[in-house]
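Below is one structure, written out as C-alpha cells; comments come after it.
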Amino acid sequence: MSAFSAIGEEREIDQNEFTPGIEPQATWCPGCGDFGVLKALKGAMAELGKNPDEVLLVTGIGCSGKLSSYFNSYGYHSIHGRSLPVARAAKLANPDLEVVAAGGDGDGYGIGGNHFMHTARENHDMTYIVFNNEIFGLTKGQTSPTSPKGHKSKTQPHGSAKDPVRPLSMSLSAGASYVARTAAVNPNQAKEIIKEAVEHDGFAHIDFLTQCPTWNKDARQYVPYTDIQQDDEFDFDVTDRREAADAMYDAESRLYEGEVLTGRFYRDDRPSYSQEKQSTGEMPETPLAERYFDDDYEWERSYDFMDRHR
Amino acid sequence: MTDNELVWRIAGGSGDGIDSTSQNFAKALMRSGLSVFTHRHYPSRIRGGHTYVEVRASADKVKSRGDGYNCLLALGDSFARNPQDEAYYGNEEVKPLSENLDELREGGVIVYDEGLLDGSEVDDLDERAEENDWHVYPLDLRGMAREHGREVMRNTAGVGATAALLGMDTGPFEELMEERMGGDILEQNLDIIQMAYDQVAEMDHSHDLRVPEGEHDETQVLVSGSTAIAYGALDEGCRFIAGYPMTPWTDVFTIMSQNLPAMGGISEQVEDEIAAAALALGASHAGAKAMSGSSGGGFALMSEPLGLAEITETPVVLVESMRAGPSTGMPTKPEQADLEHVLYTSQGDSNRVVFAPGNQQEAYEQTRTAFQLAYDYQMPAIVIYDQKLSGELQNVPESFFDREPNPDLGATLTEEQVAEAEHHASGKFNRYQHDPENGVSPRSLPGQADGRFLASGNEHNPQGHIDEDPDNRIAQMNRRMRKLSSIRTELDEAEESNQTLHDPSGDAEYGILTWGSSQGTVEEAVDRLNERGHAVKSLGVSDMMPYPEADVAGFLESVDECLVVEMNATAQFRGLTQKELGRFGEKMSSLLKYNGNPFEPAEIVEGFEASINGGDPAGETTKYVPAAGD
Ligand SMILES: Cc1ncc(C[n+]2csc(CCOP(=O)(O)OP(=O)(O)O)c2C)c(N)n1
Ligand code: SF4
Numbered sequence: 001m002s003a004f005s006a007i008g009e010e011r012e013i014d015q016n017e018f019t020p021g022i023e024p025q026a027t028w029c030p031g032c033g034d035f036g037v038l039k040a041l042k043g044a045m046a047e048l049g050k051n052p053d054e055v056l057l058v059t060g061i062g063c064s065g066k067l068s069s070y071f072n073s074y075g076y077h078s079i080h081g082r083s084l085p086v087a088r089a090a091k092l093a094n095p096d097l098e099v100v101a102a103g104g105d106g107d108g109y110g111i112g113g114n115h116f117m118h119t120a121r122e123n124h125d126m127t128y129i130v131f132n133n134e135i136f137g138l139t140k141g142q143t144s145p146t147s148p149k150g151h152k153s154k155t156q157p158h159g160s161a162k163d164p165v166r167p168l169s170m171s172l173s174a175g176a177s178y179v180a181r182t183a184a185v186n187p188n189q190a191k192e193i194i195k196e197a198v199e200h201d202g203f204a205h206i207d208f209l210t211q212c213p214t215w216n217k218d219a220r221q222y223v224p225y226t227d228i229q230q231d232d233e234f235d236f237d238v239t240d241r242r243e244a245a246d247a248m249y250d251a252e253s254r255l256y257e258g259e260v261l262t263g264r265f266y267r268d269d270r271p272s273y274s275q276e277k278q279s280t281g282e283m284p285e286t287p288l289a290e291r292y293f294d295d296d297y298e299w300e301r302s303y304d305f306m307d308r309h310r
Numbered sequence: 001m002t003d004n005e006l007v008w009r010i011a012g013g014s015g016d017g018i019d020s021t022s023q024n025f026a027k028a029l030m031r032s033g034l035s036v037f038t039h040r041h042y043p044s045r046i047r048g049g050h051t052y053v054e055v056r057a058s059a060d061k062v063k064s065r066g067d068g069y070n071c072l073l074a075l076g077d078s079f080a081r082n083p084q085d086e087a088y089y090g091n092e093e094v095k096p097l098s099e100n101l102d103e104l105r106e107g108g109v110i111v112y113d114e115g116l117l118d119g120s121e122v123d124d125l126d127e128r129a130e131e132n133d134w135h136v137y138p139l140d141l142r143g144m145a146r147e148h149g150r151e152v153m154r155n156t157a158g159v160g161a162t163a164a165l166l167g168m169d170t171g172p173f174e175e176l177m178e179e180r181m182g183g184d185i186l187e188q189n190l191d192i193i194q195m196a197y198d199q200v201a202e203m204d205h206s207h208d209l210r211v212p213e214g215e216h217d218e219t220q221v222l223v224s225g226s227t228a229i230a231y232g233a234l235d236e237g238c239r240f241i242a243g244y245p246m247t248p249w250t251d252v253f254t255i256m257s258q259n260l261p262a263m264g265g266i267s268e269q270v271e272d273e274i275a276a277a278a279l280a281l282g283a284s285h286a287g288a289k290a291m292s293g294s295s296g297g298g299f300a301l302m303s304e305p306l307g308l309a310e311i312t313e314t315p316v317v318l319v320e321s322m323r324a325g326p327s328t329g330m331p332t333k334p335e336q337a338d339l340e341h342v343l344y345t346s347q348g349d350s351n352r353v354v355f356a357p358g359n360q361q362e363a364y365e366q367t368r369t370a371f372q373l374a375y376d377y378q379m380p381a382i383v384i385y386d387q388k389l390s391g392e393l394q395n396v397p398e399s400f401f402d403r404e405p406n407p408d409l410g411a412t413l414t415e416e417q418v419a420e421a422e423h424h425a426s427g428k429f430n431r432y433q434h435d436p437e438n439g440v441s442p443r444s445l446p447g448q449a450d451g452r453f454l455a456s457g458n459e460h461n462p463q464g465h466i467d468e469d470p471d472n473r474i475a476q477m478n479r480r481m482r483k484l485s486s487i488r489t490e491l492d493e494a495e496e497s498n499q500t501l502h503d504p505s506g507d508a509e510y511g512i513l514t515w516g517s518s519q520g521t522v523e524e525a526v527d528r529l530n531e532r533g534h535a536v537k538s539l540g541v542s543d544m545m546p547y548p549e550a551d552v553a554g555f556l557e558s559v560d561e562c563l564v565v566e567m568n569a570t571a572q573f574r575g576l577t578q579k580e581l582g583r584f585g586e587k588m589s590s591l592l593k594y595n596g597n598p599f600e601p602a603e604i605v606e607g608f609e610a611s612i613n614g615g616d617p618a619g620e621t622t623k624y625v626p627a628a629g630d
C-alpha cells in the first residue's frame, strides 16, 4: 500500500475544499487579478478531481506568491524567484504528486529567469503559473520585466528604456512543452487552460494576465480580450514550433497596443524529464519518497563500492 | 619526525598522470602493511604547470603530510614541451626537479627522468647534493617507456625504478595494474616496470633509504575526506543530491553522482547554487533525504535557501568545502577561513548545525550525525571541511565503514500518525506547534491524507499561515532556537564526543586548540613536543554550532596557556571560542597560516616553543596573534 494514500484517491471534490479558512482580502487589494487566478485554480482542480492532499503548490514572493496561503493544499511559500527549483525537486522525489508552481512577472521572468529557462528546458511535468501584472506589486509599483517601454515608476522616473520581455517566446525557445496565455478577466478560459496544463505531461507554462488596480491604474487593462482558439483569424497549428512562434510574437507585440490575445499557443508531446531520466537509469521507477516507508525495501549499501579503495 | 618513514614525492606537470600514479603507489604501500597519508599540491590549471603529490608511509599511524620528504621522483612536465618539435617552452622544463629541492631532507634520494629533464640546467644541483648528502639517479624513464610501450607509461618506469632503489617488492604494483587494465596495455606496463627495476637493481647504490616494514591486522581502504563524506551520506540513506561544480566541492558531488543511480537515488546538476540548495529543500519537503553543497562562492549563493530551510524547518544537509578566499581566491589551495561565513550567513538569527570533521573517519561519522540531526530536528546541518581534507588520502580499516543504511526520516510522521495528530478546526494539520519541549514539531509529507500545511519563509502560526502576531513570533522563535539547546544536550550525552582529545602525557599543562583538518597535524606536533619534554595536549573541535561549551571550557580550564592553530588570517575559531565562552581571552594566543599550504608539524612545534618562551613564534609562513592583554 502506498504511504501517500491521498494520491489518486477517487471521489467528488468540492472546490470549497481548497479554501483554507483565511481570506485573501487580508492582503490582496479589491479588484486585483490575483483573485481570478485563485478562483480558476480551485475550479480546475475540483473539476479534475484532485484531492487537496495530493497537490503541492510552490510559490515565490510577491502578491502573487501569497497564492499558496489562500489555496488549501500542501504548500511551500519559498523565496523570491525560486519556486521552480523547489517544485521540480519535489516532483523528482515523488513524481505522483500534482505539482504547481506560481509567482509574479518580477519573480518568474526577473530574479527567477535562469530557473525558468532551465525548468522549461528540462520539461519537468508540472504547471507553472506566472501572474503577469506588468508591475512589482508587493514592493509598491516598481517597473517589472513586463512593464512597457517608457513605463514610469518611482525607480524609473524618466521611463523605462527597456523593451519588455516576451514570456511566451522565452518559454517556447527555452523548451516548455505547453505554453498558454490567459487572463483573470476571462475566468472560464482561465479554468480550462489550467485544467489542460495540469493534465499535460511536461512543463506547462501559463502567462496569466492579472490586473493590478493599485499600481497599474487601469484596472481593466486586459479588456477586451480575444480567445485565439475561438477566432478563425488566428488559425495556426499549436504543435508547430514556427507557427506557434509567429503567433506568440504577434500576441506579445499587440499586448502593448491594447489588443489582448489569449489561448493555447503551443503544445508538444515529448517525454517529460522524469521519463527521460528514468530511461537513462538515473531515476528509480517507483517514487523515491515511497521507499523511506517501505519496510521490505532492501537498502543498497555504499560499501559495495569499497572494493575500489582496497 | 619518525626516522623510519618514507615520504615519496612524485612531481611533474598537471595532466601527466601524477595523481593516479601516486594513488597506486599509496595503495601498494598500504597493502604491504604500512599506514599512508597523501598530500596533493597542484596549480589551478588543467594541463601543465608544476604539480606534485606526496605519499608518506610508516609502520606507525601517520596523521599529516609531515614536514619535508626523502625520495623524489621527478618525471618532467610534458606540457612544457611542444609535442611537434620537442622544443621546450620558456624555462619551466626543469621545474619538477628544481622546484622540489628545498624540502628534500638530508640523505634523500632523487630519481629524475633524463629523457625529459636536463640535470645540468638546474643551478647548483651537484653542490647541493653534495652538501645535503643527496643521492641522485638520472634514468631515461621516457626511453624505457617508449621501448616497451608508449611515452605516457614513463610513470610506470619511475615506479619500478623507485621500488628497486627502496628495496620494495614490485608485486603489489603489478597486482594493482592487473586489477585496472588488461591486454597489451597491461603487458607493456608489466614489461616497463620490470625493465626499470632490473636496470636500477644492477646499479651501484650509495643511499641507505629503505621502505619501512609494517603490518595491518585487518583490511584497510584508502579514502579521501570527500569519499568519507559521500559514503557517510549514502549510508545514512541520502538518495538525492543537487549541485553545481566548484573546486573542491566537486569531489563530493562527483562521488555521489557516480554512486546514486545504482543505489536508486537521484543526482541533479543544475543551473546554479541557489537552485541546487532549493532543489535539496524541495526533495526533502517531498520526503527524501537530500543534500547539496559547494565551496565558498557557491555557498554564498545558498545563503537565502539556507535561511528558508531554517524558518520552514525543512531538513537538509549542506557541505561546504573551503578553499582560500575571498571571492574566487585560490581554487586549489586550502584555507579554514569560511567558518564565520558558514555560521552566520543568511538573514536572521542562525539556527543550524555545523560540524567540522578533523579527519576521514570523523568526516564519515559526522556526516551521518549531520543527517540524523537535520531530520530529527528539522533544520539545516552543514559539514564544513577544506581542500586539504577533501583530497588527502588516508588508510582506514574497512570494517569502520560497515554500517547499516538508515532510511529513518526523523521527525516525520507516517500517514497513520498524521491521522492521530492534532488538527486545527480548519482541517489543517498543526505543523508548527508552539509547545514541544525539544522544539521539534513533527512534519507530514505532501500526498499524505489530511496532513496539509503551508511551509512558509514568512513567519507563520502553527498551521503555517503567515502571521506577524508578536506572541506567535516569540513562541515560534523560541521553539526554533530551543532545538539547538536540545541538540547540545543530545551531543553532550552521546557516548563519544565529536571533540578529539589528544593527551600523550596524561595531564598536560599546555594546550593546543584547533578545528577541522588541522587536527592531525596538530596531534603530530603534540607528540613531538612531548618527546621534547613539554607536557602538551590538544583538542580538535568539530562542533561549531551548537558550540561544545563544556568540552572546550573544561579543556581551557585545565591548561595554563593555549595556542589556537588554524588556517586563516583573522583567528576565526579563536574568536568564536571567546564569543561562546565569554572568557579565556587571556589564555589563548593564535598561530595562523594562510599562504595556501597547510601547516607542517614542525611549524607548530616551533611556534609553540617560541610562544611559551616569550619569543616571536611567527615563522616565515605563519603569523602569531598574542593573547588578549599581552
Ligand atoms: C531576494 C529578494 N529581493 C527582493 C525582494 C523584495 N520583493 C518582494 S516581492 C518583489 C516583487 C514582486 O513582483 P512580482 O513578482 O511582479 O509580483 P507581484 O507582487 O506583482 O504579484 C520584490 C522585489 C525579496 N523578497 N527578495
Ligand atoms: S498591489 Fe497589485 S498585485 Fe498586489 S494585491 Fe494589490 S492589486 Fe494585487
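Just so you know, the protein sequences line up as chains A and B, in that order.
Each step along the first sequence adds one to the number in full-length UniProt numbering, with nothing skipped, and position 219 is 219.
Each step along the second sequence adds one to the number in full-length UniProt numbering, with nothing skipped, and position 588 is 588.
Backbone N, C-alpha and C define an ideal beta-carbon position, used for all residues, glycine too.
All values reported here derive from a predicted model rather than from experimental measurement.
Element boundaries [beta strand (DSSP E), containing A:His205]: For this step, residue 205 of chain A is matched to residue 205 along the first sequence. Counting along the chain, the beta strand (DSSP E) containing A:His205 begins and ends at Phe203 to Leu209.
Taking 9 Å as the threshold (C-beta atoms), are B:Asn70 and B:Lys333 in contact? Looking up residue 333 of chain B in the second sequence gives position 333. Looking up residue 70 of chain B in the second sequence gives position 70. B:Lys333 places its beta carbon 9 Å or farther from that of B:Asn70.
Which residue marks the beginning of the beta strand (DSSP E) containing residue 634 of chain B, and which one marks its end? Nothing can be reported for residue 634 of chain B: it is not among the residues displayed for chain B, which extend from 1 to 630.
How about A:Ile61: is its Cβ closer than 8 Å to a heavy atom in ligand 2? Your numbering for residue 61 of chain A matches position 61 in the first sequence. Not so, every heavy atom of ligand 2 lies at least 8 Å from the Cβ.
Residues in the segment 251 to 272 of chain A having any Cβ partner in chain B nearer than 7 Å: Hits within the stretch: zero.
Does any C-beta atom of chain A lie closer than 9 Å to the C-beta of B:Asp19? Taking the second sequence and counting its residues from 1, the one referred to as residue 19 of chain B is at position 19. It does not; no Cβ of chain A falls within 9 Å.
So, is the C-beta of B:Gly582 closer than 9 Å to a C-beta in chain A? Taking the second sequence and counting its residues from 1, the one referred to as residue 582 of chain B is at position 582. Answer no: the Cβ-Cβ gap between B:Gly582 and chain A never drops below 9 Å.
Where A:His118 sits in the DSSP three-state scheme: Position 118 of the first sequence, counted from the first residue, corresponds to residue 118 of chain A. Helix.
A:Lys140 CB to nearest chain B CB: under 9 Å? Here residue 140 of chain A refers to the residue found at position 140 of the first sequence. Residue contact check for A:Lys140 against chain B: no CB pair falls below 9 Å.
Within 10 angstroms of its Cβ, does A:Gly60 collect 16 or more other Cβ (buried), or is it exposed? Here residue 60 of chain A corresponds to residue number 60 of the first sequence, with the count starting at 1. A:Gly60 is buried by the Cβ-count criterion.
Identify, in the order they occur along the chain, each residue of the same chain with its Cβ nearer than 7 Å to the Cβ of A:Ser160, setting aside the five sequence neighbours on each side. Along the first sequence, one-based indexing puts residue 160 of chain A at 160. Closer than 7 Å at the Cβ level, and outside the excluded window around A:Ser160, lie Thr143, Ser147, Lys149, Gly150 and His151.
Inter-residue Cα distance where the pair is B:Ala277 and B:Glu268: In the second sequence, counting from the first residue as 1, residue 277 of chain B sits at position 277. In the second sequence, counting from the first residue as 1, residue 268 of chain B sits at position 268. Those two C-alpha atoms are separated by around 11 Å.
Is the segment 527 to 538 of chain B touching the segment 493 to 510 of chain B, taking contact as three or more C-beta pairs under 8 Å? With the cut-off at 8 Å, the segment 527 to 538 of chain B and the segment 493 to 510 of chain B touch.
Quick check: does the Cβ of A:Asn133 come within less than 8 Å of any heavy atom belonging to ligand 1? Reading the first sequence from its first residue, position 133 is the one you call residue 133 of chain A. Distances between the C-beta of A:Asn133 and the heavy atoms of ligand 1 include at least one below 8 Å.
Residues near B:Val564 by beta carbon distance below 8 Å, same chain, minus five either side: Position 564 of the second sequence holds residue 564 of chain B. Taken in chain order, the residues that qualify are Ile512, Leu513, Thr514, Ala571, Phe573, Arg574, Thr577, Met588, Ser589, Ser590 and Leu591.
Leaving out five residues on either side along the sequence, give the residues of the same chain with a beta carbon under 8 Å from the beta carbon of A:Ala244. Taking the first residue of the first sequence as position 1, residue 244 of chain A is located at position 244. Sequence-distant Cβ neighbours of A:Ala244 in its own chain, meaning closer than 8 Å and more than five residues away, are Leu172, Val179, Phe236, Asp237, Val238, Phe265 and Tyr266.
The beta strand (DSSP E) with A:Glu48 in it runs from where to where? Your numbering for residue 48 of chain A matches position 48 in the first sequence. Going by the sequence as given, residue 48 of chain A is Leu instead of Glu. Counting along the chain, A:Leu48 sits inside no beta strand (DSSP E), nor does DSSP assign it H or E at all.
Where does B:Lys289 land, buried or exposed, given buried means 16+ other C-beta within 10 angstroms? Counted from its first residue, the second sequence places residue 289 of chain B at position 289. Per the 10 Å Cβ criterion, buried.
Specify the secondary structure class of B:Asn24 as computed by DSSP and reduced to three states. What you label residue 24 of chain B is simply residue 24 of the second sequence in a count that begins at 1. Reduced to three states, the DSSP call for B:Asn24 is helix.
Using 8 Å as the cut-off, can you tell me whether the segment 312 to 322 of chain B makes contact with the segment 378 to 387 of chain B, which would need three or more C-beta pairs spanning the two stretches below that distance? Under the Cβ criterion (8 Å, minimum of three pairs), the segment 312 to 322 of chain B counts as touching the segment 378 to 387 of chain B.
With a threshold of 9 Å between beta-carbons, can B:Asp55 be considered close to chain A, or not? Here residue 55 of chain B corresponds to residue number 55 of the second sequence, with the count starting at 1. Note that residue 55 of chain B is Val in the sequence shown, not Asp. For B:Val55, the answer is no, since every Cβ of chain A falls outside 9 Å of its Cβ.
So that I know if they touch, is there some Cβ in chain B lying closer than 9 Å to that of A:Ala176? Here residue 176 of chain A refers to the residue found at position 176 when the first sequence is read from its first residue. Chain B contact via Cβ: absent.
CB B:Met177 to CB B:His148, shorter than 9 Å? By 1-based counting over the second sequence, the position of residue 177 of chain B is 177. By 1-based counting over the second sequence, the position of residue 148 of chain B is 148. The criterion of a C-beta distance shorter than 9 Å is not satisfied by B:Met177 and B:His148.
Mind reading off the beta-carbon distance from A:Arg88 to B:Leu279? Whole number of angstroms is fine, and I expect it under 8 Å. Counting from 1 along the first sequence, the entry for residue 88 of chain A is found at position 88. Counting from 1 along the second sequence, the entry for residue 279 of chain B is found at position 279. Between B:Leu279 and A:Arg88 the Cβ distance is about 7 Å, and since that is below 8 Å, they are a contact.
With a threshold of 9 Å between beta carbons, is A:Ile45 in contact with chain B? The residue given as residue 45 of chain A occupies position 45 in the first sequence. Contrary to the premise, residue 45 of chain A reads as Met rather than Ile in this sequence. Cβ-Cβ to chain B under 9 Å: no for A:Met45.
Which chain D residues sit within Cβ distance under 7 Å of B:Tyr375? Chain labels in this structure do not include chain D; the protein chains are A and B.
A:Leu57 - partner residues in DSSP beta bridges: As a first step, residue 57 of chain A must be located in the first sequence, where it is residue number 57. Answer by DSSP bridge pairing, in chain order: A:Gly75 and A:Val100.
Taking all protein chains shown into account, do 16 or more other C-beta atoms lie within 10 angstroms of the C-beta of A:Lys191, making it buried, or fewer, making it exposed? Reading the first sequence from its first residue, position 191 is the one you call residue 191 of chain A. When all chains shown are included, A:Lys191 counts as buried.
Just checking my contact of B:Pro346 with B:Ser303 at CB under 8 Å: how many whole Å lie between their CB atoms? Within the second sequence, the letter at position 346 stands for residue 346 of chain B. Within the second sequence, the letter at position 303 stands for residue 303 of chain B. Reading off the sequence, residue 346 of chain B comes out as Ser, not Pro. The Cβ separation is near 5 Å, so the contact holds.
Who pairs with A:Ala180 in a beta bridge, going by DSSP? In the first sequence, residue 180 of chain A corresponds to position 180, counting from 1. Bridge partners of A:Ala180: A:Ile206 and A:Arg264.
Along chain B, which residues have their Cβ under 7 Å away from the Cβ of A:Glu54? Indexing the first sequence from 1 puts residue 54 of chain A at position 54. Simply Gly447.
Under the rule that 16 or more other beta-carbon atoms within 10 Å means buried, what is A:Thr127, buried or exposed? Locating residue 127 of chain A in the first sequence gives position 127, where the first residue counts as 1. A:Thr127 should be labelled buried.
Only counting the same chain, and skipping five residues up and downstream in sequence, which positions put a Cβ closer than 7 Å to that of B:Ile266? As a first step, residue 266 of chain B must be located in the second sequence, where it is residue number 266. Within the same chain, Arg239, Phe240 and Leu260 come within 7 Å of B:Ile266 by CB-CB distance, once the 5 residues on both sides are set aside.
Determine whether the Cβ of A:Leu288 lies closer than 9 Å to any Cβ atom of chain B. Reading the first sequence from its first residue, position 288 is the one you call residue 288 of chain A. For A:Leu288, the answer is yes, since a Cβ of chain B falls inside 9 Å of its Cβ.
Applying the 10 Å Cβ sphere with the 16-neighbour rule, what's the burial state of B:Ser517? Mapped onto the second sequence, residue 517 of chain B falls at position 517. So B:Ser517 ends up on the buried side.
Ignoring anything shorter than 3 residues or poking outside the segment 548 to 609 of chain B, list the beta strand (DSSP E) runs there in chain order. The segment 548 to 609 of chain B contains, as complete beta strand (DSSP E) runs of 3+ residues, the segments 561 to 566 and 588 to 593 (chain order).
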